[in-house]
Amino acid sequence: QVQLVESGGGLVLAGGSLRLSCRASGIAFSIKTMGWYRQAPGKQQRELVAHINSRGSTTYADSVKGQFTISRDNALNTVYLQMSSLKPEDTALYYCNGVPSLGVYWGQGTQVTVSS
78 QVQLVESGGG LVLAGGSLRL SCRASGIAFS IKTMGWYRQA PGKQQRELVA
128 HINSRGSTTY ADSVKGQFTI SRDNALNTVY LQMSSLKPED TALYYCNGVP
178 SLGVYWGQGT QVTVSS
């Protein structure tokens, strides 16, 4: 059974940092490209902000380049997102998933709220 469990979100002041974690189970994690998506308040679509392939190569959306860093630990089936210099527009529900996504399998997400 596929499970994705995100954690690490919270309320932070603008300019602050957070580190998100996502533990996956039920998938061949080490060979899967994994990504972090976010869904901003009032928006229906999730935005893919960063992904990392099985070899550790990373790709970022322009909106977070230089600000977010994605990494993975295959021994722990976990993907991370280090977020720094956070801005109010980074406020969103953050999810991890495969890239492409694992269809209907999504975790509960972790809320990041950045206050000015």
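Read in order, the letters of the sequence shown correspond to residues 78 to 193 in our numbering.
Note that CB positions come from ideal geometry on N, CA and C, so glycine has one too.
Open item on the list: Pop quiz: V176 and M111 are said to be a contact at Cβ under 8 Å. What is the actual Cβ separation, rounded to whole angstroms?
Closed with: Contact between V176 and M111 holds, since their C-beta atoms are separated by about 7 Å, short of 8 Å.
Open item on the list: Taking 7 Å as the limit between beta carbons, can you name the residues of its chain near V79, skipping five residues before and five after?
Closed with: Excluding residues within five positions, the ones whose Cβ falls inside 7 Å are G103, I104, L179 and Y182.
Open item on the list: What would DSSP say about D150, mapped onto helix, strand or coil?
Closed with: Per DSSP, reduced to three states, the secondary structure at D150 is strand.
Open item on the list: According to DSSP, is I129 part of a helix, a strand, or is it coil?
Closed with: I129: strand per DSSP, three-state reduction.
- [ ] Check the DSSP bridge columns for G112 and list the partner residues they point to.
- [x] Looking at the DSSP output, G112 shares a beta bridge with H128 and N174.
Task: Integer Cβ distance of P165 from A91, believed to fall under 8 Å - done: Contact annotation, P165 with A91: C-beta distance approximately 6 Å; criterion of less than 8 Å satisfied.
Task: Span of the beta strand (DSSP E) around E83 - done: In the DSSP assignment, E83 falls within the beta strand (DSSP E) that extends over Q80 to S84.
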